[in-house]
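Working notes, beginning with the structure itself.
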Amino acid sequence: MEETLNRAPTVTYKELGVTRAYGTKIRKTRFAYLAITQPWPKVSGFAKVNLSIREVKKHIYGEEKYRDKLLFLPAESKIEDDGYILSFVYDENMWKSELQIVNAMSLELEATIELPSLV
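For the sequence shown, our numbering gives the first residue as 81, with consecutive numbering after it.
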């Protein structure tokens, strides 16, 4: 079965929307981060969707690891996808939770923090 991209997307909120001042250009959001639901209804990772060129890149949390929400934490930069994706992930095999910190530009795992209780 093919994975499904769904749930409310996460975007860079500092760049979200349209500037409506006289003489300014309208800027569209370029990137969105959507949940990968496989197996349904579990979220096994997320996809970074480049809305301008319709490119999709994926980050999978790991075997039997799932999450509910993610948060985009922007860096202090003008580059829209410069920052980190924070995800609370539950490991069904180990019965443990962790915080995964993923580089939003490269989708590489930067850090994993084991949590003292289930999230």
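Even glycine gets a Cβ: it sits at the ideal position worked out from N, Cα and C.
- By the neighbour-count definition (other C-beta atoms within 10 Å, threshold 16), aspartate 161 is a buried residue.
- Under DSSP, the beta-bridge partners assigned to leucine 153 are Tyr164.
- In this structure, DSSP gives valine 199 a state outside helix and strand, which the three-state scheme calls coil.
- Three or more Cβ pairs drawn from the stretch 182 to 191 and the stretch 128 to 144 lie within less than 8 Å of each other, which places the two stretches in contact.
- Assignment of asparagine 130 by DSSP, reduced to helix, strand and coil, places it in the strand class.
- DSSP, reduced to helix, strand and coil, places lysine 137 within a strand of the structure shown.
- If the five residues before and after glutamate 172 are omitted, its C-beta is found closer than 6 Å to the C-beta atoms of Glu144, all from its own chain and listed in chain order.
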